[in-house]
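S.K.: Note that the sequence shown covers residues 3 to 924 in my numbering.
Please find one structure pasted underneath; my questions will follow.
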Amino acid sequence: MIVEFGWFLDRAPWAYTRPGLNRVRVGRKGFVSLLQTRLGLTRPDTQNAERVSQYLRRLERLDSSDAWFHRSLAADPWSTAYELLSARDDAVANGWDGTLPEPERGTHDGGPSPLLRTLAAAESAGQGVPGGELAPSLADDIVELIAELKSTPLPLGIDELVLAHPEDTFPAVWRRIIGALRHRGVRVSVAATPQRVPELTVLHAETEWEAAEHAARWLAAGTNERTAVVCSDPTAVLDQYLTLHGRPRLGVGERSAWRAQDQLIPLFFELVWEPANVHLLAEFLTLPDSPVRRGAAKHLLRALAEEPGVHGAAWSGAIAAIAADESLGPDLAAALDRTFRTRLLSEADRASGAQLVEATAWLTSALTARAAVVPRLQATAAQLGRVLALLAPLPQVSRRDLRRIIASVVTEGAEPLVGAEAAPWLRLNHLAELGEDVDDALWWGFQSASTPAVRRWDAHDAAALAQVGVELPTPQELTALAVRETLAAAGRCRRLVVVQIAQRNGERVEANPLLEALVAGQPASTGAGSGAAEAGSGTAERIASVTRAPSDLMVPGAGAHDGVWRLAGREARLTRAAARRPVVPRAELEVGPNAALAPERLSFSQLEVLLGCSLRWALERKGRLTVPDAADIPEGSRMIGTFAHRVIERLHEVLRAENRAVPTGGEVDAAIEELLPEFASELLLPGQKARRLTVVAAVAEAARTFFATLQRGGVALQAVEKEFEKDLRLVTDDGVLSIPVVGSADAVGVDEEGRTVVVDLKWSSTGRYLREKVQKGTALQLALYQWALNGGDAPPDHPTAYYLLKQHDFASAHAHFGPSVPRVWAPEELWRRAVHAAEHVVADVLAGHVTATKPFADAFAAAAAQASQSSAATGAEGGSAPVPAGPTTVEERETAEGRLYVEPGCRFCRFGALCGLKGDYS
Numbered sequence: 003m004i005v006e007f008g009w010f011l012d013r014a015p016w017a018y019t020r021p022g023l024n025r026v027r028v029g030r031k032g033f034v035s036l037l038q039t040r041l042g043l044t045r046p047d048t049q050n051a052e053r054v055s056q057y058l059r060r061l062e063r064l065d066s067s068d069a070w071f072h073r074s075l076a077a078d079p080w081s082t083a084y085e086l087l088s089a090r091d092d093a094v095a096n097g098w099d100g101t102l103p104e105p106e107r108g109t110h111d112g113g114p115s116p117l118l119r120t121l122a123a124a125e126s127a128g129q130g131v132p133g134g135e136l137a138p139s140l141a142d143d144i145v146e147l148i149a150e151l152k153s154t155p156l157p158l159g160i161d162e163l164v165l166a167h168p169e170d171t172f173p174a175v176w177r178r179i180i181g182a183l184r185h186r187g188v189r190v191s192v193a194a195t196p197q198r199v200p201e202l203t204v205l206h207a208e209t210e211w212e213a214a215e216h217a218a219r220w221l222a223a224g225t226n227e228r229t230a231v232v233c234s235d236p237t238a239v240l241d242q243y244l245t246l247h248g249r250p251r252l253g254v255g256e257r258s259a260w261r262a263q264d265q266l267i268p269l270f271f272e273l274v275w276e277p278a279n280v281h282l283l284a285e286f287l288t289l290p291d292s293p294v295r296r297g298a299a300k301h302l303l304r305a306l307a308e309e310p311g312v313h314g315a316a317w318s319g320a321i322a323a324i325a326a327d328e329s330l331g332p333d334l335a336a337a338l339d340r341t342f343r344t345r346l347l348s349e350a351d352r353a354s355g356a357q358l359v360e361a362t363a364w365l366t367s368a369l370t371a372r373a374a375v376v377p378r379l380q381a382t383a384a385q386l387g388r389v390l391a392l393l394a395p396l397p398q399v400s401r402r403d404l405r406r407i408i409a410s411v412v413t414e415g416a417e418p419l420v421g422a423e424a425a426p427w428l429r430l431n432h433l434a435e436l437g438e439d440v441d442d443a444l445w446w447g448f449q450s451a452s453t454p455a456v457r458r459w460d461a462h463d464a465a466a467l468a469q470v471g472v473e474l475p476t477p478q479e480l481t482a483l484a485v486r487e488t489l490a491a492a493g494r495c496r497r498l499v500v501v502q503i504a505q506r507n508g509e510r511v512e513a514n515p516l517l518e519a520l521v522a523g524q525p526a527s528t529g530a531g532s533g534a535a536e537a538g539s540g541t542a543e544r545i546a547s548v549t550r551a552p553s554d555l556m557v558p559g560a561g562a563h564d565g566v567w568r569l570a571g572r573e574a575r576l577t578r579a580a581a582r583r584p585v586v587p588r589a590e591l592e593v594g595p596n597a598a599l600a601p602e603r604l605s606f607s608q609l610e611v612l613l614g615c616s617l618r619w620a621l622e623r624k625g626r627l628t629v630p631d632a633a634d635i636p637e638g639s640r641m642i643g644t645f646a647h648r649v650i651e652r653l654h655e656v657l658r659a660e661n662r663a664v665p666t667g668g669e670v671d672a673a674i675e676e677l678l679p680e681f682a683s684e685l686l687l688p689g690q691k692a693r694r695l696t697v698v699a700a701v702a703e704a705a706r707t708f709f710a711t712l713q714r715g716g717v718a719l720q721a722v723e724k725e726f727e728k729d730l731r732l733v734t735d736d737g738v739l740s741i742p743v744v745g746s747a748d749a750v751g752v753d754e755e756g757r758t759v760v761v762d763l764k765w766s767s768t769g770r771y772l773r774e775k776v777q778k779g780t781a782l783q784l785a786l787y788q789w790a791l792n793g794g795d796a797p798p799d800h801p802t803a804y805y806l807l808k809q810h811d812f813a814s815a816h817a818h819f820g821p822s823v824p825r826v827w828a829p830e831e832l833w834r835r836a837v838h839a840a841e842h843v844v845a846d847v848l849a850g851h852v853t854a855t856k857p858f859a860d861a862f863a864a865a866a867a868q869a870s871q872s873s874a875a876t877g878a879e880g881g882s883a884p885v886p887a888g889p890t891t892v893e894e895r896e897t898a899e900g901r902l903y904v905e906p907g908c909r910f911c912r913f914g915a916l917c918g919l920k921g922d923y924s
């Protein structure tokens, strides 16, 4: 057998143009594996996370208050063990056997450093101690091979070892292995270094998309029978352009920890701690491979959308619904409630590994069952088993330690969105892997092609290890080797195209210094400026001379073609595509008359949407387009507003039972403390203390001010969240349409004159918008509540107000709540206009005419402005007075026709892409 061995050939293909039997191409790992197989030294692989756990136990045995690593081990045990194990493996991989040199007498040499003394102590700490073993790694295999090659008589079956680069460029320990093989009769030779200088072209594009367009065109313009494609970056964008040209995909995926199955374990272990993180819980429930059954997940998501916590009535109701569902059952309900609510662990108590294993019992069972029918989850189930095996023996596990352990087991994957396809070209990960001559090579992702990382030892440690025969390669030596091998591989190409980009995702991309080495071997330019290049000081000039921008690749053509595209010996004829401008969606849509479009029932929010934008209402109520449940969980102002509502509701229950009007400070604090985990558990999470204190203080003050102001104004609060239902009669062309209006008023009371008082609670950053509504007399919500809670066809002019929770202030046209705001329209006029507007919109909808109000209003205003300018210009030319202008906005038109204009509320609409508000149509 002939073995080709090089430092960077572990991922290199065995053969491309010269396949043959009994000939292999290997790197370090492949060569070790080959020799182990021939010598009978193969062993089961051990995950590095398990080795870190074993090394951590050794360090714990060595730990004491004066140990060099004591403070690091106490602060972050897992990371400390990981770093020290990495140093140990690096030393062992270069021939270290655990011994240290003795300090020289009569010198100032203090002996080995604390790091080396710790590593040496850890090497001997596990000898003869039950449970103190350390599973071998590649580093141990290298040392074992040296000893075995010297002692075993077993034949190797290797006739020749061909070194990809000179023997003296290998680290010392590998030179010992090569020497042992030579001593056993293996013929050792060095592959000839290519002398050819490739024709180098640097394609420099602004973005990855622009680079992919031209790289794919270059590949499509050739037969590629002797072409290598080096992929040092993911090829998702390049694959799209290759598909457009009918060429096979490269299928190199991006390494990421955010794939659904890779997130399952980390997400779950974030959910076993209190307080519950409802947003992460929603993510876990909606994962494509979530072990929570879909029916159960829907119940829980709806509960979280209603109450963003796991201790309230909504969560209990969801658990009860799961238990009552025959397809789910009480066992599943109890397991979910136990896992996500009743048995959450406290980080302050420093849970043990056994407790974490117990908290994972349901996930283990559910994931195992799912993996039996979903093959891609089998790897996830195995990872969970490894995590639990590492956790089980630990007496205490902090949240940080848990994250470290999970990250060491659930590593980033590089699964592509679409797999690679059979192709005529040779695909490589780095140019240094190229072992055969090719005509052309394309290097995609050149700027991401970095040299391998190496541990940096300080000079004192390197000198100490050298005294015991351990020669550590320096970073400079390994970097020089990487550059040498890359340049040698470049010599196997006739033409080399290097792809560079200026920015990715809006950030500048750093250059690869390897480019300087590639251009240094290029022949000097024969044009202007060649003198500087020949002088050796013009690296920038050399790079510029081989760089091509996309704008430089087109040669103008004549006749039927617009030009010829040329790059690195390949060309393609191009014809300009016809320009197509994006079409803005129509603001007015005709869907055909349909009686089924009539509203079945309305709440205030639905009525507001219907009056503001009939397209949005039709999409939501008739098209049934909704946001995912996970996206509907309250957060920010919406969450705080709901929380403040519930606090006031709970205080009213207490006050009503005792026939009191104003709560005490203790009662307010108790209500907040009770309801915070149910309605605002987000504020209990780590890092939320400052925000929580601010919100709690604001809600407490809002509650006290609310009840005290009602008492001063002579208002007796009777009900909070009072439900109502009343039919709204709308007159249309087809007759009278009766629509039930349902909902609940936030706070309802009675004043000293016996009139119904309605207060709506609002939490917003500013109260200006609501005060303007009261001032203009367009507070439709307050008018609707008075209409629904009283008899008659129009709302009475009884006291109403908005209570601004964050500002601790009321906005009202009545003096019960402080200074009153004068208004333009009385409630009766407002309601008349609102009903007229509803009749008009419903008639349009029944006729099949729906409108996106904001785009329609913008077009209406633009048309009115243009008409006004034309009228003014015509009048100026003819000397006549300009024609009086009509309404210039939709709001003016609606007001003039006796209808209420309602703002469309586009800030809260999710259909902006359908009506044209979102998107570039220029």
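We treat Cβ as the ideally placed atom computed from N, Cα and C, and that holds for glycine.
Alpha helix (DSSP H) containing Ile407: first to last residue?
M.R.: Run containing Ile407: Arg401 to Val411, per the alpha helix (DSSP H) assignment.
S.K.: Could you tell me whether the stretch 262-278 touches the stretch 333-340, using the rule of 3 or more Cβ pairs below 8 Å?
M.R.: No: fewer than three Cβ pairs fall under 8 Å.
S.K.: Check the DSSP bridge columns for Gly387 and list the partner residues they point to.
M.R.: For Gly387, which the question treats as bridged, DSSP gives no partner whatsoever.
S.K.: Is Ala137 near Thr203, with beta carbons less than 8 Å apart?
M.R.: Contact: no.
S.K.: Quick one: using the 10 Å Cβ neighbour count with 16 as the cut-off for buried, is Thr802 buried or exposed?
M.R.: Its Cβ being crowded by 16 or more others within 10 Å, Thr802 is buried.
S.K.: Anyone know if the C-beta pair for Gly97 and Val145 falls short of 8 Å?
M.R.: For Gly97 and Val145, yes; Cβs fall inside 8 Å.
S.K.: Taking 8 Å as the cut-off, decide whether the C-beta atoms of Leu807 and Trp765 are in contact.
M.R.: A contact, by the Cβ cut-off of 8 Å.
S.K.: Under 7 Å Cβ to Cβ from Phe606, same chain only, skipping five residues before and after it: list those, please.
M.R.: Hits under 7 Å: Gly745, Gln783 and Leu786.
S.K.: Under 8 Å Cβ to Cβ from Glu893, same chain only, skipping five residues before and after it: list those, please.
M.R.: Once the five neighbours on either side are set aside, the close Cβ partners of Glu893 are Ala859 and Tyr903.
S.K.: Count the other C-beta atoms from every protein chain shown that fall within 10 angstroms of the C-beta of Ala562, then say buried if there are 16 or more, exposed otherwise.
M.R.: Low confidence applies to Ala562: its pLDDT is 46, below 50, so where it sits in the model is not reliable, and the reading given next is rough at best. Exposed, by the Cβ-count rule.
S.K.: Measure from the alpha carbon of Ala325 to the alpha carbon of each residue in Gly311, Ala299 and Asn514, then state which is nearest.
M.R.: Closest option to Ala325, Cα to Cα, is Ala299.
S.K.: Let's test the definition: count the other Cβ atoms within 10 Å of the Cβ of Asp351 and tell me whether it reaches 16, buried, or not, exposed.
M.R.: Under this definition Asp351 is an exposed residue.
S.K.: Can you list, in chain order, the residues of its chain whose CB lies under 8 Å from that of Pro798, leaving out five sequence neighbours each side?
M.R.: Same-chain partners within the cutoff: Arg757, Thr758, Gln788, Asn792 and Pro829.
S.K.: With Phe71 and Leu87 assumed to form a contact (beta carbons below 8 Å), what rounded beta-carbon distance in angstroms separates them?
M.R.: Not quite, the Cβ-Cβ distance comes to about 12 Å (not below 8 Å), so this is no contact.
S.K.: For Gln502, which residues does DSSP report across the bridge?
M.R.: Gln502 is bridged to His206.
S.K.: What is the DSSP secondary structure of Ala927, reduced to helix, strand or coil?
M.R.: Residue 927 lies beyond the range of the chain shown here (3 to 924); nothing can be said about it.
S.K.: Can you list the beta strand (DSSP E) stretches of 3 or more residues lying completely in the stretch 763-851, in chain order?
M.R.: If we require 3 residues or more, the beta strand (DSSP E) runs fully inside the stretch 763-851 come out as 802-806 and 811-813.
S.K.: Could you give the DSSP three-state label for Cys908: helix, strand or coil?
M.R.: DSSP places Cys908 in helix when its eight states are reduced to three.
S.K.: Compute the beta-carbon to beta-carbon distance between Glu669 and Val649, rounded to the nearest angstrom, for a pair I have assumed lies under 8 Å.
M.R.: With a Cβ gap of about 10 Å, Glu669 and Val649 do not count as contacting.
S.K.: Which full runs of the beta strand (DSSP E) of 3+ residues lie inside the stretch 21-58, going along the chain?
M.R.: Listed in chain order, the complete beta strand (DSSP E) runs (minimum 3 residues) inside the stretch 21-58 are 25-28.
S.K.: With the cut-off set at 8 Å, would you say Gly715 and His818 are in Cβ contact?
M.R.: Cβ atoms of Gly715 and His818: closer than 8 Å.
S.K.: Just how far apart, CA to CA, sit Leu11 and Cys233?
M.R.: Those two C-alpha atoms are separated by around 15 Å.
S.K.: Which stretch, first to last residue, makes up the beta strand (DSSP E) that contains Phe681?
M.R.: Looking at the DSSP string, Phe681 is not in any beta strand (DSSP E); the run it does join, the alpha helix (DSSP H), is Gly667 to Phe681.
S.K.: Starting from the C-beta of Leu677, find all residues in its chain whose C-beta is less than 7 Å away, skip the five residues before and the five after it, and write them out in chain order.
M.R.: The residues are Phe645, Arg648, Val649 and Arg652.
S.K.: Run the CB neighbour count on Lys2, radius 10 Å, all protein chains shown included, and call it buried at 16 or more, exposed below.
M.R.: Lying before the first or after the last residue shown, residue 2 is absent from the chain, which here runs from 3 to 924.
S.K.: Using only the alpha-carbon positions, how far apart do Ala840 and Leu404 sit?
M.R.: In a straight line, the C-alpha of Ala840 is about 58 Å away from that of Leu404.
S.K.: Can you name the start and end residues of the alpha helix (DSSP H) that Lys300 belongs to?
M.R.: Lys300 -> alpha helix (DSSP H) spans Arg296 to Glu308.
S.K.: State the start and end residues of the unbroken beta strand (DSSP E) segment that holds Val231.
M.R.: Val231 -> beta strand (DSSP E) spans Thr229 to Cys233.
S.K.: Does DSSP put Pro332 in a helix, in a strand, or in coil?
M.R.: Three-state DSSP puts Pro332 in a helix.
S.K.: Rounded to whole angstroms, what's the CA-CA distance from Val826 to Gln777? Just pull it up for me.
M.R.: Rounded to whole angstroms, Val826 to Gln777 spans 6 Å at the Cα level.
S.K.: Should Leu102 be labelled buried (16 or more other beta-carbon atoms within 10 Å of its own) or exposed?
M.R.: Leu102 is buried by the Cβ-count criterion.
S.K.: Report the rounded CA-to-CA distance for Ala76 versus Arg640, giving the unit in angstroms.
M.R.: Using only the alpha carbons, I get a separation of about 41 Å.
S.K.: Using DSSP with H/G/I as helix, E/B as strand and the rest coil, what is Leu140?
M.R.: The answer is helix: DSSP assigns Leu140 an H, G or I state.
S.K.: With a CB to CB cut of under 7 Å and the five nearest residues on each side skipped, what residues in its chain are close to Leu379?
M.R.: Cβ neighbours of Leu379 beyond the five flanking positions: Gln263, Asp291, Leu369, Arg372 and Ala373.
S.K.: Near Gln720, which residues of its chain fall below 7 Å by C-beta distance, leaving aside the five closest residues on each side in sequence?
M.R.: Hits under 7 Å: Val750, Gly751 and Val752.
S.K.: When the Cα of Asp439 is compared with those of Ala492, Pro157, Val566 and Glu201, which residue comes out closest?
M.R.: Among Ala492, Pro157, Val566 and Glu201, the Cα nearest to that of Asp439 is on Ala492.
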